[in-house]
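Input: a single structure, listed below in structure tokens.
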Amino acid sequence: MKQWYEELFENYGMKYDNETFVQGTIGECDFLEKEIDYNKATRILDIGCGTGRHSIELANRGYTVAGIDLSESLLKRAKEKASERNLQ
């Protein structure tokens, strides 16, 4: 039996991986970088990372990022996307 959050967020991955979110993700990561003074030594924990939109973008920018999420299916997708981009 699926956990309630697996059912609730079952289709969120497709929504958040949609191209329309890309510009928002870039702007949000720009904001985060500014808030941490562009310090690449800063380690980032992405709580509720979903499919890894922010985690992957920040890792591409050179930050050490760990993502966690209740949804195993969304985490699996985040790992797949990171692997496709040669990120851990």
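Just so we're on the same page, the numbering used here is the position in the sequence shown counted from 1, plus 5. For every residue, glycine included, the Cβ atom is placed at its ideal position computed from N, Cα and C. Everything numeric in this text was worked out from a predicted model, so none of it was measured.
As a quick exercise: from the options, pick the residue whose alpha carbon is nearest that of residue i.
i: I52; options: G29, G32 and A83; result: A83
i: T30; options: C54, L13 and F14; result: C54
i: Q8; options: L92, A87, D74 and E85; result: D74
i: C34; options: I61, L92, E85 and R90; result: I61
i: T56; options: Q28, S78 and E12; result: S78
i: R58; options: E38, Q93 and F26; result: F26
Beta-carbon separation of residue i and residue j under 8 angstroms?
i: R45; j: Y68; result: The question names Arg, but residue 45 in the sequence shown is Lys. Yes, Cβ-Cβ distance for K45 and Y68 is below 8 angstroms.
i: F14; j: S88; result: no
i: N65; j: R48; result: no
i: A71; j: L50; result: yes
- Task: Scan the region 21–72 and note each continuous beta strand (DSSP E) run of 3 residues or more that stays entirely inside, going in chain order.
- Result: Annotation note: the region 21–72 contains the following uninterrupted beta strand (DSSP E) runs of length 3 or greater, listed N- to C-terminal: 48–52.
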